[in-house]
Amino acid sequence: MTLDNACGRRNWMGAFSLTLAFGAIVLNTQHCKGADVTASMAQFIKISAPSSGDLAPDGTFYMIDDPDGVYQLFCKKSPSDKPKALTNMMDGISGYSISDDGAWIVFGASIGGDEQDDLYLLDTKTEKIEPLLVDRETVFGSVVWRSDSKGFAYRANDKSKNDFYVYVYDLESRTSKCVHDKSGYFFPADFSPDLSRLMVGKYNSSTYSQLFEIDLKSGATREVTPTDEECSFSPEGYLADGKSFLVSTNYHGDLRTLQRLDLATGKLSPVAEEFNHNEIDGVAINHDRTLAAVMLNEDGYSTMHLRMLPDFKPVDGPPCKKGLVGNVRLRGDHILYRVESSNDPGVIYTWSRSKPNDAPVAMTEAELQGIDLASFSLPELIRYKSFDGLEVPAFLYTPKGYKKGTPIPFMVSFHGGPESQFRPGLVRSFQYFLSRGFGVIAPNVRGSSGYGKRYLEMDNYKKRMDSVRDGVQAAQWLVDNGYSQPRMIGAYGGSYGGFMVVATITQAPKLFGAACDVVGIVNFKTFLERTKGYRRALREVEYGPLSDPEFLESISPIRLVDRIETPILIAHGRNDPRVPVHEAEQLHEALKKRDQDAELLIFEDEGHGFRKEENRVEFYQRLADFFESKLKPASETEAATTTG
25 MTLDNACGRR NWMGAFSLTL AFGAIVLNTQ HCKGADVTAS MAQFIKISAP SSGDLAPDGT
85 FYMIDDPDGV YQLFCKKSPS DKPKALTNMM DGISGYSISD DGAWIVFGAS IGGDEQDDLY
145 LLDTKTEKIE PLLVDRETVF GSVVWRSDSK GFAYRANDKS KNDFYVYVYD LESRTSKCVH
205 DKSGYFFPAD FSPDLSRLMV GKYNSSTYSQ LFEIDLKSGA TREVTPTDEE CSFSPEGYLA
265 DGKSFLVSTN YHGDLRTLQR LDLATGKLSP VAEEFNHNEI DGVAINHDRT LAAVMLNEDG
325 YSTMHLRMLP DFKPVDGPPC KKGLVGNVRL RGDHILYRVE SSNDPGVIYT WSRSKPNDAP
385 VAMTEAELQG IDLASFSLPE LIRYKSFDGL EVPAFLYTPK GYKKGTPIPF MVSFHGGPES
445 QFRPGLVRSF QYFLSRGFGV IAPNVRGSSG YGKRYLEMDN YKKRMDSVRD GVQAAQWLVD
505 NGYSQPRMIG AYGGSYGGFM VVATITQAPK LFGAACDVVG IVNFKTFLER TKGYRRALRE
565 VEYGPLSDPE FLESISPIRL VDRIETPILI AHGRNDPRVP VHEAEQLHEA LKKRDQDAEL
625 LIFEDEGHGF RKEENRVEFY QRLADFFESK LKPASETEAA TTTG
């Protein structure tokens, strides 16, 4: 699920952000001394850790976990308590948001991965659940509570399937009022301290977003962000005086930095300029708006920094090891946060500001399936040069005990988005592959986020194939530097990463020995025609408009299907609202007509990714079997040729 920290309150966008990763295979283990080669693929996949933690004023801790295979809401009163399940939705929940007084929780749930979230209300005292906003034709999300807990703002596309309007829901009367009904992808961001105004954002593209302030009494709306440049403005929250608003933006710059927006004059003033050498990941602000936690993106890793408001004076925070710091909540005296790394599935901690010398308290415990995390490999951050000299950052994983210069089977893993970034958290399936003698490289090709606006825009529209060339070059770099050999390299990716997989094997068919495309785009015209209406305009900015069908065809891998020699596994969810399953079906049909080695796996109860544990295990096992049979060390390939 996507979570934005808006003034210490959760802005729940309404969809889990699931990492699609490799499964596992048993292959050459001669280069993995010390690795655990006895654990099964299913054990690795079932390593789990609770996420999306929050703390109510009475000390009750809430979290999302999936001990039974689907994500549900749990709570406990103390760190040592056994978690108690609060929901039992058939396909799990998509996210939740707690009222400031802790009396209510709004959560979302969809069916079969279709992302058509309905909203439900949970009374935390009685634990009774009430359907609140239920309409199978509408998407509800982006819940932002009023500070008095009497209601919340949300977005919905009930009036126009292509647009999201903004509503305010009143709990006492159980009624909704539309407060913003303009065309576009709008979402609520924060209520002003006196509750008289509501800030809403409009998302136009990954590089262009705007902020508008609504007077809730008169209904008057005005744009508060500058109009002289199309850039990104992320809403972080009102400051205590209600006269200024904190944003992270790349306005007149490349990296996203923190700026104070004067709501009367529209003037932007930089704050916390010591952070300006890195992109801002996000900001959490406490209830009384006196403290902020700033998260920085440092080459894919993340760090947390505390600042007093409104002067942004530095204050000490909790100790955090190197990795990914997130799920930050400022709740009274407590800092709630989660730390994950390449060898740790993540723990949610609380730390008391009034007792700074006390160690952080672990609120959650991971289920490790008996696997020793010390056996896991950590990545090395590298940079390789692409076709035009651009340096592309990538995370390189090699098995324990690997001797450089020894060619081994390798995976090139492409992230989705494309306005996203591979970040070095725990990818369970990577570690299984590593334990079996594989290497993995995860490039952040041009168009990835985290490196500034210029890098982010380098793949837009007519420059699409430049990112594909970056992907091919990642595999070529492995060969040139002795890590692997042609046909020993597998390409893997989900969503946009699936497009990268199919595109790279059309551009370099001799380089890859196997491929796996998960929920990927192969035909940009049919993709744009069939994706949900509210997504179409956003995607046209990135890939090109439907009014330019010739260009869309030119970048679609389906037109180059005759070039494909690489065996490929294609996997998809039947109910995918983002990349419709037709993309997988047309690729499989085209390849089978040409007697090409292609397998198709469709999950009838999934959407854009595989949320259910049983489906994840099945997919990873299928991937394991497929890659094991296709990617062979050079010695095995030569032996097979000799004996054949």
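Each residue of the sequence shown is one higher than the last, beginning at 25 in our numbering.
Note that the Cβ used here is the ideal one computed from N, Cα and C, for glycine as well.
Which whole-angstrom value describes the C-beta separation of residue i and residue j, a residue pair presumed to lie in contact below a C-beta threshold of 8 Å?
| i | j | result |
| --- | --- | --- |
| Val295 | Leu282 | 5 Å |
| Ser272 | Ile304 | 4 Å |
| Gly474 | Met482 | Rounded, the Cβ-Cβ distance is 13 Å, inconsistent with contact. |
| Val436 | Ala499 | 5 Å |
| Leu79 | Leu330 | The pair is not a contact, with the Cβ atoms about 17 Å apart (cut-off 8 Å). |
| Gly544 | Gly518 | 7 Å |
| Ala386 | Pro103 | 7 Å |
| Val168 | Asp214 | 6 Å |
| Glu165 | Tyr178 | Glu is not the amino acid found at residue 165; the sequence shown has Gly there. Between Tyr178 and Gly165 the Cβ distance is about 7 Å, and since that is below 8 Å, they are a contact. |
| Leu562 | Tyr227 | 7 Å |
| Thr550 | Val492 | 19 Å between Cβ atoms; not a contact. |
Nearest to residue i by alpha carbon, out of the options?
| i | options | result |
| --- | --- | --- |
| Ser370 | Lys70, Phe68, Ser75 | Strictly speaking, residue 370 in this sequence is Gly, with Ser absent from that position. Looking at the Cα atoms, Ser75 is the closest of the given residues. |
| Val17 | Leu270, Lys346, Lys101 | Because the chain in this structure spans residues 25 to 668, residue 17 falls outside the shown range and cannot be described. |
| Asn302 | Met512, Ser293, Asp278, Lys106 | Asp278 |
| Glu553 | Pro343, Pro604, Val496, Ala80 | Pro604 |
| Lys174 | Gly165, Lys291, Pro342, Ile122 | Ile122 |
| Met685 | Phe400, Glu254, His439 | Because the chain here runs from 25 to 668, residue 685 falls outside it and cannot be looked at. |
| Phe651 | Asn639, Asp619, Gly537 | Gly537 |
| Ala539 | Phe551, Glu642, Lys654, Ser453 | Lys654 |
| Gln445 | Leu458, Phe454, Phe419 | Phe419 |
| Met65 | Ile395, Lys487, Ser197 | Ile395 |
| Tyr95 | Leu402, Leu570, Ser134, Ser258 | Ser134 |
| Lys70 | Tyr144, Ser410, Leu450, Asp205 | Leu450 |
| Val496 | Ala561, Tyr479, Lys428, Lys409 | Lys409 |
| Leu576 | Ser220, Tyr485, Lys108, Glu415 | Tyr485 |
| Pro591 | Asp649, Ile626, Asn599 | Asp649 |
| Gly557 | Lys185, Ala622, Lys149, Asp142 | Lys185 |
| Lys355 | Ala63, Ala73, Gln455, Pro81 | At residue 355 the sequence reads Arg, which differs from the Lys that was named. For the residues Ala63, Ala73, Gln455, Pro81, the minimum Cα distance to Arg355 belongs to Pro81. |
| Ile594 | Gln140, Leu562, Pro569, Val526 | Val526 |
| Glu589 | Gly568, Leu535, Ser578 | Leu535 |
| Arg221 | Gly266, Leu615, Tyr516, Lys549 | Gly266 |
| Tyr325 | Thr374, Gly341, Ile372, Leu402 | Leu402 |
| Pro217 | Lys108, Asp312, Val307 | Asp312 |
| Glu541 | Arg560, Ser571, His612 | It should be pointed out that residue 541 corresponds to Asp in this sequence rather than to Glu. Taking only the C-alpha atoms, the option nearest Asp541 is His612. |
| Lys106 | Glu254, Thr388, Ser229, Lys183 | Thr388 |
| Pro380 | Val339, Ser399, Glu391 | Val339 |
For residue i, which residues from the same chain have a beta carbon less than 7 Å from its beta carbon, with the 5 sequence-adjacent residues on both sides left out?
| i | result |
| --- | --- |
| Arg587 | Thr530, Pro533 |
| Arg478 | Asp278 |
| Asn181 | Thr162, Val163, Asp187, Phe188, Tyr558 |
Counting only the same chain and skipping the five closest in sequence on each side, list residues whose C-beta sits under 6 Å from that of residue i.
| i | result |
| --- | --- |
| Tyr120 | Leu97, Ile129, Phe131 |
| Val203 | Val190, Val192, Ile238 |
| Asp629 | Gly136 |
| Pro236 | The question names Pro, but residue 236 in the sequence shown is Phe. Contacts found: Val224, Thr245, Glu247. |
| Thr314 | Leu333 |
| Gly441 | Tyr520 |
| Tyr567 | Phe548 |
For residue i, count neighbouring Cβ atoms within 10 angstroms of its own Cβ and tell me buried if that reaches 16, exposed if not.
| i | result |
| --- | --- |
| His276 | exposed |
| Asn547 | buried |
| Lys617 | exposed |
| Asp172 | exposed |
| Arg353 | buried |
| Met113 | buried |
| Gly413 | exposed |
| Arg407 | exposed |
| Asp138 | buried |
| Arg447 | buried |
| Asn639 | buried |
| Val363 | buried |
| Lys636 | buried |
| Arg452 | buried |
| Met489 | exposed |
| Arg160 | exposed |
Can you list, in chain order, the residues of its chain whose CB lies under 8 Å from that of residue i, leaving out five sequence neighbours each side?
| i | result |
| --- | --- |
| Thr199 | Tyr193 |
| Lys152 | Leu146 |
| Cys56 | Low confidence applies to Cys56: its pLDDT is 40, below 50, so where it sits in the model is not reliable, and the reading given next is rough at best. Contacts found: Pro423, Lys424, Gly425, Tyr426, Leu458, Ser459, Arg460, Gly461. |
| Thr84 | Cys99, Lys100, Lys101, Gly126, Thr148 |
| Gly93 | Lys636, Glu637, Glu638 |
Are the segment 426 to 436 and the segment 457 to 471 touching by the rule of at least three beta carbon pairs closer than 8 Å? yes
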